[in-house]
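Participant: Input: one structure, supplied below.
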Amino acid sequence: MMKRALLLSFLFLIQISFSTAQSAYQLTPFTGVDYVRVVVSSAFKTAPDNTFKLLISSPKDGKVLWQGPVKATTAVNEGNNHLAFTVSNLKPVLWTPHNPFLYNVTLQQYSGKTLKAELKERAGFRSFERRKGNLYLNGKPIFLRGIAINPPGRGIPDELETSRAFALDYVKYMKSINVNIIRIPDEEAWFDVCDELGMMVFGGNYSGKVAAGEKVKDQEKVGDETDGGFPKDYDKGVAWYENEKLGVIAHHPSLMVYAMTNETPFKGSRADAWEKFLDYAFGKLKKWDETRVYIANAGYGYGKTGDILDIHRYWGWYYSSPFTFLHIRDHAKIVPYPKKEDMPITFTECVGNYTGPDGRYNLTPQHKNPSSQLAWTGHERQDLQAQLADEHQSFTLRQATESFRQLRSVNPDLSGVFPFTILFYNWNTIEKFADMKPKPVTDQVKISYQPVLLSWECWTPNVYAGAEINPVAHISNDDNDFKDLKNAKLVYQIRDKAYTIVFSDSVNIGDIPYYSTAKKKLSIRLPKDLSSGKYELTGKIISAGKQVSHNYYKLFIADDNFTKAVVPIESVESSVLLYDKEGKTRKSLAALGLKFNNIGSFGKLPEKGVLIIGENAADQELAGNATAIRNFINGGGRVVALRQDSLRMINLNQLAIHKLVNRNVDIDDPVYPVSSKSPRNGYYVNAERPNHPLFAGITRENMRIWSDYTNWDETKAGLPAIKPVTDGFVLENKEDVANTAILANYSSGLQGIAIAEQFMGNGSLLLCGLDISNRTSVDPVAARIMLNMVSYAASATGHEQHQLISSPIVWGEYETEKGIVVDAYSGFLVNATPRVPPNYLGKGIVVTKEGYQLAGGNRSGFNTRPGIQYVANGRRPFGPYVQSFGGQPLPDKDSTEGVGSFWCRIPQGQNLATSVAWNPAKEPVQLKIKVNDLAEVNKTIPAGAKIAIETPVNAEVVKMTYSGDRRVVILETAFSKKN
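Heads up: the sequence shown at position 147 corresponds to 146 in numbering that gives the first Met the number 0, and the numbers run straight through without jumps.
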């Protein structure tokens, strides 16, 4: 018994020593396709004469890949002494996303024949490298289909942060929607799951500093970059990477890409300093771990050093449009420095479109998100905001991801894309993965990330029944098993809203080698008898009798009635005049069947009628006759001024009641940072008065993108002519909004004006920045707008300078505002209040001096805490203000209080305005209310209080101005009759 007890004690001590060794030392296998280099701290070797053996075996069946003695060499490592043990000429089963084969690697330490300690780690044999502008996994090119916003670290409950079960469910789901790489922080359970399931990982240092950083006195910020600094002793930075930041995750085979920093300076002396440090560190790190690739400065490094030229761009969200992605064809357009020839290009952040738990865009205060919401979903009523947000988020993701893949035929360096967007509704309140609930955008991810992708290139979303369309079908073969696609066939159809097939055909595509693309231009003659409505072009790729890909493209098809169902203008045909020396507008109007009199001068204008100034027809002769034209307007005439470029706008301004300004900013200019000014052109036109006669028969969806009239395709220079707005404008003086009816607008913060009406005497000047005349023969929506404009101008009704308000205005509920507030012009800013989830209540809501209400005082919750929803909740007097680059409202530095105004009409007999004001601050604040020329009403609102303030009204046309502390929130304004 004594011997047995001693033996058990001895074995127990050995087990303790083994356990201590296993926990005290990290075994890191660096693998290629035929070798492994195992690295461990030199302190693991307990005696100089000790020897080592290595065992590599499969945990599935116990089969041994290799075993035997190994000799220690000095490992490459900065700051610590490490041993390396290398075994070459192996023939393992390789780790791939489709077959994530793992091995156990065991390092045994012997003293003589006695086993002293052993360390065990899992490994997957694979290589990941850059070659000739592409990324290669195991010697074969691979495209990265990534997602950048994932848990952990996004506000999910603490117990789920490290939950293996949660990670398993999450990663399985991501693989089910065809994602092959995700960005995650350094959480071991998540990396283990990715190793096992075959999910590649992008990890490392996603911050703007290295190690402890340094104190940076002079920040040189031109965009969204951060600068936390790096050690002056470069080797300390390298040591931090190898032993603290990257070293702790380097043993995971799923890890393919290291980030060294994120969005550090890219211009100026600090950019030069960062580049020098990162280049030094990259050279060292590549010797430490050659089995992965490095992004030196994620987003802003432009490939000056590291392995990948990585870019962050939020085209289609903060700035620009989803079609700006077409510029990725040309290095010079997207890279402001000479590109290294062998650099793969990735976008590891893009798309944006941050929706919250209720599906609407998250109106994060003190940020660019609210202005971005206005650009894409506008002042649509709140019960439709979530649907519109879903649609645009999906559309932008589609453009980003599918453009990257189909444009590889033009730019073969395009190697990966990671939308930085939110795929799930719930975060903070979940108990399990199923509670997260995927958003509709995940359906788009699943389509756009199909390994074999069929994608459509079609620039005619609005077409006439009977017309011919010429979509191009692109096929990208990124097969999960790296196989060629054999005997591919494309079957394509057009179906209506009931999924009734109205056209069907097929074409053979042939063989498509792995990582290659193919395309086929189609000719489809639409049936003449189709009725107006929504249709889909659908397609599927068939190979070996199986469907391997499918996709769709939305069409709006109009019949003849669509452009005939307008208010008849036969009674005023004789008084419709056209001034159009170039003749472009004349041809368009004639083709639409409109009768008019073409004039070449302004000598004999009638007393009343309609005068149309053709596109770019505002010449010096028009300017010289401005007085005569103004007299025509004063007498009751209507002038329709179609789009004028910046040169002609000078002439048009001679007769404009209030001066206009054309911007020279192109919405699709890929330069970064973008201009803070509104672009002259744009998409997604917002109708401020959707029930206005101008928009009869037209939906918001009709005004997003128009059909190209240039027969453009991706092989040609430039971009397709699909922007509804090409010559938008702004008011030279914001105060002139008092006498200008802004009927339609566009761009970030809705700063750009697409259609407006200015009033003079008994007539008016209708101003239009839409690109119409060129496309009325190909785009029925453009034709309908043209007809509506002429019909409206010829009508004696509907010309109202201000909207009638007959029910209470609940500020922030756009449908009750009826377009009377155009944010940047009125200074009346939407207030956003956070819905604080239960596990965040302790941190409270912080109200800044500018009036922003921030959950926990943190403005960046839209991405770090996507479970917090900021909702429109009143408006605040905030003006005068301007927008920063990307759209953040910035109050005038010289102003001491905020001002917000609006103009409206009220029913006859009403004489009282009641405003409900809220003070969310912890101290009393002042609010002043002025109605027309009446005496100002001044009120003190106690901390946290909501009060109703009555002010008299003396006219049916009302100008109402709120001024005072920017923290005051106006929740409601109602007009009534006081007896």
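C-beta: ideal position from N, C-alpha, C; glycine also.
1. Just the C-alpha distance for glutamate 572 and alanine 792, rounded to the nearest angstrom, thanks.
2. Hey, threonine 428 and proline 836: beta-carbon distance below 8 Å or not?
3. With C-beta atoms as the reference, is asparagine 685 less than 8 Å away from leucine 749?
4. Measuring alpha carbon to alpha carbon, tell me which residue in Ala823, Gly717 and Ile771 is nearest leucine 332.
5. For the beta strand (DSSP E) containing alanine 753, list its first residue and its last residue.
6. Going residue by residue through the stretch 692-751, where are the continuous beta strand (DSSP E) segments of at least 3 residues, counting only ones entirely within it?
7. Where are the alpha helix (DSSP H) runs, 4 residues long or more, that stay fully inside the stretch 373-437, in chain order?
8. Alpha carbon to alpha carbon, how far is phenylalanine 29 from alanine 20? Give it in angstroms, no decimals.
9. Where aspartate 770 and tyrosine 240 are concerned, what is the direct C-alpha to C-alpha distance, given to the nearest angstrom?
10. Using a Cβ-Cβ cut-off of 7 Å (strictly less than) and excluding sequence neighbours within five positions of serine 522, which residues of its own chain qualify?
11. Please report the Cβ distance between valine 37 and leucine 53, rounded to the nearest whole angstrom; I am assuming they are in contact, meaning their Cβ atoms lie under 8 Å.
12. In the DSSP assignment, the alpha helix (DSSP H) including glutamate 799 goes from what residue to what residue?
13. Can you give the Cα-Cα distance for proline 337 and aspartate 329, rounded to whole angstroms?
14. What does a CB cutoff of less than 7 Å around serine 570 pick up in its chain, not counting 5 residues either side in sequence?
15. Rounded to whole angstroms, what's the CA-CA distance from threonine 347 to arginine 864? Just pull it up for me.
16. Leaving out the 5 sequence neighbours to the left and right, which residues in its chain are closer than 6 Å to glutamate 158 when beta-carbon positions are compared?
17. Going by DSSP in three states, glutamine 450 sits in which element: helix, strand or coil?
18. Distance, Cα to Cα, aspartate 510 vs isoleucine 541?
19. What residue range does the alpha helix (DSSP H) around valine 780 cover?
20. Any idea what DSSP makes of phenylalanine 127, helix, strand or coil?
21. Please give me, in chain order, every unbroken run of the beta strand (DSSP E) with length at least 3 that falls completely inside the stretch 124-185.
22. Would you give the residue range spanned by the alpha helix (DSSP H) that threonine 988 belongs to?
23. Excluding the 5 residues preceding and the 5 following glycine 351 in the sequence, name in chain order all residues of the same chain whose CB lies nearer than 8 Å to its CB.
24. Tell me the rounded alpha-carbon separation between proline 321 and arginine 858.
25. Relative to the alpha-carbon of glutamine 619, which residue among Tyr578, Val609 and Leu604 has its alpha-carbon at the smallest distance?
26. For lysine 958, write down the residues that DSSP places opposite it in a beta bridge.
27. Going by DSSP, name the residue or residues bridged to isoleucine 540.
28. If you reduce the DSSP assignment to three classes, tell me which class proline 879 lands in.
29. Please list the terminal residues of the continuous alpha helix (DSSP H) segment that includes leucine 764.
30. Go through its chain and collect everything with a Cβ distance to lysine 958's Cβ below 6 Å, but skip five positions before and after it.
31. Could you tell me the distance, in whole angstroms, from the CA atom of tyrosine 498 to the CA atom of glutamate 700?
32. Can you say whether isoleucine 500 is buried or exposed, counting buried as having 16 or more other CB atoms within 10 angstroms of its CB?
33. So which of Ile946, Phe974 and Tyr961 has the shortest CA-CA distance to asparagine 953?
34. Can you tell me whether lysine 670 is buried or exposed? The criterion is at least 16 other CB atoms within 10 Å of its CB, across all chains shown.
35. What span of residues does the alpha helix (DSSP H) with lysine 929 cover, start to end?
36. Take phenylalanine 276 and list the residues in its own chain whose beta-carbon comes closer than 7 Å to its own, dropping the five residues that flank it on each side.
Facilitator: To lay it out plainly:
1. Low local confidence applies: a pLDDT of 47 at glutamate 572 is under 50, so the model's placement there is unreliable, and no value is given.
2. yes
3. yes
4. Going by the sequence as given, residue 332 is lysine instead of leucine. When each option's Cα is compared against that of lysine 332, the closest is Gly717.
5. 751-759
6. 739-745
7. 381-405
8. Because alanine 20 sits at a pLDDT of 48, beneath the cut-off of 50, its placement in the model cannot be relied upon, and the point is left open.
9. 54 Å
10. Glu467 and Asn469
11. 7 Å
12. Careful: glutamate 799 lies outside any alpha helix (DSSP H) and carries neither H nor E.
13. 12 Å
14. At serine 570, the pLDDT of 49 sits below 50, so the modelled position is not reliable; the number obtained from the coordinates is stated separately. Once the five neighbours on either side are set aside, serine 570 has no close Cβ partner at all.
15. 20 Å
16. none
17. Note that residue 450 is proline in the sequence shown, not glutamine. Reduced to three states, the DSSP call for proline 450 is coil.
18. 11 Å
19. 779-793
20. strand
21. 127-130, 133-136, 143-146 and 180-182
22. Because residue 988 is not part of the residues shown, which for the chain are 0 to 978, the question remains open.
23. Tyr313, Gly315, Trp316, Tyr317, Ser371, Thr395, Phe419 and Thr420
24. 26 Å
25. Tyr578
26. Trp902
27. Leu489 and Ser548
28. coil
29. Where leucine 764 is concerned, there is no enclosing alpha helix (DSSP H), although the beta strand (DSSP E) it sits in stretches over 762-767.
30. Trp902 and Asn931
31. 20 Å
32. exposed
33. Phe974
34. For clarity, residue 670 is valine in the given sequence; the question names lysine instead. When all chains shown are included, valine 670 counts as exposed.
35. No alpha helix (DSSP H) contains lysine 929, which is instead part of the beta strand (DSSP E) from 924-930.
36. Phe229, Tyr233 and Gly236
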